[in-house]
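These notes concern the structure reproduced below.
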Amino acid sequence: MNDPLRLFFALPCPADQAQAIGRWRDEQGLDGRAVPLANLHLTLAFLGAQPADALAEIARLGESIHAEAFELRLDRLISLGKGFTCLAPEQPPRALGDLVALLRAGLAERGLPVDDRPFLPHLTLMRQAGERRHATPPTFAWPVESFALYVSEQEEGGVRYRPLRHWPLRRSTAAAAS
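Shown next as structure tokens:
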């Protein structure tokens, strides 16, 4: 069976941060449909529908990435597109941009789809949001030490994002020394 899989590379949101983000989101009374806490992530590269037999090559791409670990700080609330309310970093870490550039280059080398729009890091909180609330979030921060390949699966209650593989990011020598 070679049914297409909807795939994307992303940074997982740690469970403790997802809980904190969910509590804050609920306190704000944001408009729209809340993204389930288990689905919170920051997309690095969206691959769209890919044949299942391409999975091994896509996993090799993940394995080939050698990028630095970093701290992610989500500290502002933004609206994107038609009805998305998201958390985003005021100052995206350089290592995040480097990771995305490596993934995009690897996708292009393999003839896989590459989004040519500028990368805008964000974690989606709400979908189908009408009005935008003006709220200043606390800073949600965590050390990013890995990235993952996810599959988007349609289930009875909605969509579920399931990680297929994780790859570590390397600690910088400066971070390891401290």
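Start counting the sequence shown at 988; every next residue gets the next number (the working numbering). Backbone N, C-alpha and C fix where the C-beta goes; we use that ideal spot for every residue, glycine too. Source: prediction; values computed, not measured.
Count the other C-beta atoms from every protein chain shown that fall within 10 angstroms of the C-beta of residue i, then say buried if there are 16 or more, exposed otherwise.
{"i": "PRO1155", "result": "exposed"}
{"i": "ALA1128", "result": "exposed"}
{"i": "LEU1067", "result": "exposed"}
{"i": "ALA1054", "result": "buried"}
{"i": "ARG1157", "result": "exposed"}
{"i": "ASP1003", "result": "exposed"}
{"i": "HIS1109", "result": "buried"}
{"i": "SER1165", "result": "Bear in mind that the predicted position of SER1165 carries a pLDDT of just 42, short of 50, making it unreliable; the figure below should be weighed with that in mind. Answer is exposed; the Cβ neighbour count stays below 16."}
{"i": "ILE1065", "result": "exposed"}
{"i": "ALA1162", "result": "Bear in mind that the predicted position of ALA1162 carries a pLDDT of just 47, short of 50, making it unreliable; the figure below should be weighed with that in mind. Its Cβ having fewer than 16 others within 10 Å, ALA1162 is exposed."}
{"i": "PRO991", "result": "exposed"}
{"i": "VAL1146", "result": "exposed"}
{"i": "ALA1095", "result": "exposed"}
{"i": "PRO1100", "result": "exposed"}
{"i": "ALA1116", "result": "buried"}
{"i": "PRO1038", "result": "exposed"}
{"i": "ALA1032", "result": "buried"}
{"i": "GLY1093", "result": "buried"}
{"i": "ALA1056", "result": "buried"}
{"i": "ALA1036", "result": "exposed"}
{"i": "ALA1043", "result": "exposed"}
Which residue from the options puts its Cα closest to that of residue i?
{"i": "GLN1015", "options": "ALA1135, VAL1131 and PRO1125", "result": "PRO1125"}
{"i": "LEU1086", "options": "LEU1074, GLU1058 and GLN1004", "result": "GLU1058"}
{"i": "GLN1078", "options": "LEU1094, LEU1061, GLN1115 and ALA1092", "result": "LEU1061"}
{"i": "THR1123", "options": "ARG1149, ARG1114, ALA1005 and ARG1012", "result": "ARG1012"}
{"i": "PHE1071", "options": "ARG1114, ALA1007, ALA1005 and ASP1018", "result": "ARG1114"}
{"i": "VAL1022", "options": "PRO1130, GLN1006 and SER1159", "result": "GLN1006"}
{"i": "LEU1083", "options": "ALA1092, GLY1093 and VAL1131", "result": "VAL1131"}
{"i": "GLY1144", "options": "ASN989, PRO1001, ARG1020 and GLY1009", "result": "ARG1020"}
{"i": "ASP1018", "options": "LEU1112, TYR1148 and ILE1052", "result": "LEU1112"}
{"i": "SER1051", "options": "CYS1073, ALA1036 and ARG1091", "result": "ARG1091"}
{"i": "GLY1049", "options": "CYS1000, LEU1089 and GLY1098", "result": "LEU1089"}
{"i": "PRO1001", "options": "ARG1097, ARG1063 and LEU1024", "result": "LEU1024"}
{"i": "ALA1041", "options": "GLY1098, PHE1134, ALA1075 and HIS1153", "result": "GLY1098"}
Name the DSSP bridge partner or partners of residue i?
{"i": "GLY1145", "result": "GLU1142"}
{"i": "ARG1152", "result": "LEU1136"}
{"i": "ILE1065", "result": "CYS1073"}
{"i": "GLY1035", "result": "LEU994"}
{"i": "PRO1130", "result": "GLU1058"}
{"i": "ARG1157", "result": "GLU1055"}
{"i": "ALA1021", "result": "MET1113"}
{"i": "LEU1029", "result": "LEU998"}
Sufficient close CB pairs (3 or more, under 8 Å) joining the segment 1100-1110 to the segment 1138-1146: No: the two stretches stay apart, fewer than three of their Cβ pairs being nearer than 8 Å.
Contact the segment 991-1003 vs the segment 1022-1031: 3+ CB pairs below 8 Å: Result yes; three or more Cβ-Cβ pairs closer than 8 Å.
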